[in-house]
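Chains as they are written, first to last, in my numbering: chain A, 1 to 165; chain B, 166 to 782.
Quick reminder that beta carbons are idealized off the backbone N, C-alpha and C, glycines included.
Since the structure is predicted, the reported quantities are computational estimates derived from the model, not experimental observations.
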């Protein structure tokens with residue numbers, strides 16, 4: 001997903017326009033039903049969902065902040081913490097496990113000096129995991145933002161890091 | 166010769182208009198004069214460089230002036246040979262397809278050049294190969310994947326698309342449609358195996374308005390990608406099936422709940438829905454009839470439990486995806502309390518062929534209580550990683566060796582896992598079992614959605630069970646205590662055993678806890694979470710026992726008297742109070758009471774506590 005460096009007004013404007021364009025029926029059912037899609041959009045605009053964004057979404061969809069936060073905290077896709085400029089995500093599927101994803105993760109941790117779930121001090125890299133992306137023939141799979149790397153071995157990890165410019 | 170892209174697509178106001186359009190499209194698409202080139206452009210293809218290959222082939226064809234007439238270049242969906250991407254297939258008029266694997270830009274260019282030199286197909290193509298993998302399959306759900314362009318409705322219409330929807334609306338009653346599906350014996354392909362016709366019947370009979378048709382495209386099992394392939398390669402077949410289902414049960418609204426991790430599938434679905442709307446094949450008054458059907462896509466957000474139908478429904482409603490009790494079943498009370506029918510993608514992919522060829526045809530494939538085929542996603546330590554579709558009743562051996570090509574690691578194959586985190590392992594000694602819902606359950610596993618992970622002799626089965634439990638613990642929604650606490654307890658026990666701290670009673674504890682969770686958990690996630698443990702215990706108990714009570718794995722925590730300063734921090738941290746000593750005097754651990762939790766070692770700031778190996782008495 002694209003990253004945004006600050007919670008600027010443009011982001012909120014874009015999100016507001018997106019909600020308007022959904023042309024939702026004026027009912028609780030319709031507004032609640034749109035929540036997950038709106039949160040996906042919000043995360044693609046801001047890269048994460050801090051409380052300002054949560055409150056904004058709650059207000060626009062006329063939902064309680066508790067409902068919005070409850071949904072965000074339930075689904076692993078949504079994050080309330082800023083990720084790195086380059087989000088490095090590892091597929092945690094069975095095929096990737098069997099083909100040695102563990103060693104690849106260790107190599108990334110070693111070279112970047114951060115552990116799984118952490119962000120580097122300069123904000124450039126973060127390591128996370130993804131549910132199975134379904135590209136099992138390419139196991140182990142690593143995604144850097146939207147780019148998919150397949151058949152990743154510990155040896156090619158330095159190249160992947162070098163690609164992040 | 167008219168190119169299919171030039172045929173105007175406007176709103177079809179009648180069934181006749183659809184038939185005429187289909188005729189035009191078929192003629193244009195199946196141009197008997199031209200050589201067809203298909204480039205597989207699904208997720209695996211693109212990740213392997215298929216976009217670059219396609220671009221270079223298009224460029225070369227244009228350079229040679231061939232692009233317009235004699236050679237047609239198509240993008241298709243997943244061909245299923247994922248290990249061999251990018252894949253290009255060439256078909257001369259009236260000849261079998263020739264398949265090329267791992268086609269990068271250089272090879273792509275060569276293929277175009279060779280076609281140019283051999284435009285009449287008189288010379289035998291020297292660099293191609295015919296992959297026998299196709300001839301051993303029976304492709305029903307995957308029938309169009311790899312042969313149509315999923316981005317173009319005209320391509321789908323050219324191969325008969327939307328004719329069955331039209332026939333159902335104009336010639337069949339809803340009850341007749343349900344009867345055909347029931348007679349075919351189609352069972353849910355998401356894993357449950359519940360008879361689809363019966364399910365549709367329940368929704369039809371239910372009282373309440375409006376009714377909803379839902380497609381479960383969450384495909385949460387790690388290692389399963391059958392549904393992704395169908396959605397990327399043949400999205401219209403799902404849309405058509407949903408509309409037919411809507412007609413049958415009395416619903417005018419459908420939702421496709423799609424996994425957020427499948428961006429290409431979602432894009433193709435969105436495009437397909439828009440095209441169908443434009444053509445009058447979706448939306449209000451389809452083909453000028455009284456039947457209207459609208460489809461919306463709703464996104465998942467990374468919750469495995471949302472593959473369970475009640476959780477999925479709550480997710481569509483915009484809530485946390487927590488399951489609820491059944492009964493009431495969704496057929497009676499689903500989305501917003503209304504009658505709702507939820508079907509898996511692969512189940513729906515079978516609907517159009519069943520209507521087209523008749524229920525007897527479908528029953529003729531497979532076995533008596535398991536008609537039709539099943540798509541399997543082969544992955545792990547296997548040569549041919551990809552999708553295969555075989556009749557029910559095919560043996561595991563045939564799938565793993567005949568189609569899968571056997572082990573890729575040089576080591577012998579030990580077992581396969583089916584059913585993902587809800588399933589179990591099947592040892593190689595049982596590979597002559599015929600694949601049916603019942604047979605797999607009898608072996609301690611289940612059909613599941615179709616993921617089949619192959620393991621070789623290097624895979625430790627206890628570690629595998631731990632992998633699945635780590636997944637389940639994370640994915641448990643937390644609503645019911647048995648699953649929330651029970652799966653955590655199972656994982657703790659596995660970690661204890663693998664860590665070398667296990668005792669014989671721990672295995673009995675695993676079994677008892679597993680049975681308890683199975684009996685009482687609220688939903689299918691919890692009820693099946695213990696399966697990987699129970700099945701690995703059933704077939705590989707010796708691997709558990711190897712971790713336990715075998716001298717090499719026993720250890721104890723000991724306090725080094727030279728380092729200990731008597732700060733008492735360890736004694737305070739010990740949960741069973743087995744550390745003795747006075748302040749500022751060396752402490753000791755009572756080994757017979759120690760549970761080996763390691764809390765003391767973690768607390769000690771003087772590096773005085775060490776884990777030491779001991780031999781069993």
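Interface residue (Cβ-Cβ distance to chain A less than 8 Å): residue 489 of chain B is not classified as such. For the options B:707, B:612 and B:556, the alpha carbon positioned closest to that of residue 302 of chain B is the one of B:556. Listed along the chain, the chain B residues whose CB falls inside 9 Å of the CB of residue 105 of chain A amount to none; the nearest CB is some 13 Å away. Under the rule that a run must span 4 or more residues, the alpha helix (DSSP H) segments found entirely inside the stretch 675-707 of chain B read 689-693. Between residue 358 of chain B and residue 378 of chain B, the C-beta gap is not smaller than 8 Å, which leaves the two residues out of contact. For the set B:615, B:599 and B:563, the Cα lying nearest the Cα of residue 585 of chain B is the one of B:615. The closest CA to that of residue 364 of chain B, considering only B:669, B:343 and B:638, is found on B:343. Interface with chain A (8 Å Cβ-Cβ cutoff): residue 393 of chain B is included. Between the stretch 380-397 of chain B and the stretch 469-488 of chain B there are three or more inter-stretch CB-CB distances shorter than 8 Å, so the stretches are counted as touching. In terms of Cα proximity to residue 426 of chain B, the closest of B:393, B:402, B:412 and B:452 is B:393. Taking 4 residues as the shortest admissible run, the stretch 68-151 of chain A contains the following complete alpha helix (DSSP H) segments, listed from N- to C-terminal end: 94-98 and 101-112.
Judged by pairs of C-beta atoms under 8 Å, the stretch 759-773 of chain B touches the stretch 740-750 of chain B, as three or more such pairs exist. Ranking B:213, B:209, B:207 and B:245 by CA distance to the CA of residue 568 of chain B puts B:245 first.
Distances from the alpha-carbon of residue 331 of chain B to those of B:173, B:451 and B:695 put B:451 closest. When DSSP states are grouped into helix, strand and coil, residue 777 of chain B belongs to the strand group.
Here the stretch 484-493 of chain B makes no contact with the stretch 433-453 of chain B; the two share fewer than three CB pairs at distances below 8 Å.
Leaving aside the five residues that flank residue 769 of chain B on each side, the residues in its chain whose CB is nearer than 6 Å to its CB run, in chain order, 735. Each of A:153, A:139, A:50 and A:124 was checked against the Cα of residue 73 of chain A, and the nearest Cα belongs to A:50. For residue 485 of chain B, a Cβ of chain A is located within less than 8 Å of the residue's own Cβ.
Residue 688 of chain B counts as buried, since no fewer than 16 other beta carbons sit within 10 angstroms of its beta carbon. For the C-beta of residue 37 of chain A, the chain B residues within less than 8 Å are, from N- to C-terminus, 463 and 464. Within chain A, the C-beta atoms nearer than 8 Å to that of residue 480 of chain B come from 36, in chain order. When B:729, B:726 and B:670 are compared, the shortest CA-CA separation from residue 713 of chain B is found for B:670. Put simply, the stretch 425-443 of chain B touches the stretch 313-331 of chain B. At least three CB pairs are less than 8 Å apart. Boundaries of the beta strand (DSSP E) around residue 621 of chain B: 616-621. Excluding five sequence positions before and after residue 178 of chain B, the CB atoms of its chain that fall closer than 6 Å to its own CB belong to 453, given in chain order. In the DSSP assignment, residue 734 of chain B falls outside any beta strand (DSSP E) and lies within the alpha helix (DSSP H) extending over 734-738. Residue 502 of chain B is not a Cβ neighbour of residue 618 of chain B, given a cutoff of 8 Å.
In this chain, the alpha helix (DSSP H) harbouring residue 219 of chain B covers 215-228. By alpha-carbon distance to residue 262 of chain B, the top candidate from B:505, B:201 and B:238 is B:201. Less than 8 Å divides the Cβ of residue 22 of chain A from the Cβ of residue 34 of chain A.
DSSP, read as helix, strand or coil, puts residue 722 of chain B in strand.
One alpha carbon belongs to residue 701 of chain B, the other to residue 104 of chain A, and they sit about 27 Å apart. Where residue 591 of chain B is concerned, the enclosing beta strand (DSSP E) starts and stops at 589-592. Taking a cut-off of 8 Å on C-beta distances, the stretch 721-735 of chain B does not touch the stretch 618-636 of chain B, as fewer than three cross pairs fall below it. Residue 551 of chain B carries a strand assignment under DSSP once its states are collapsed to helix, strand and coil.
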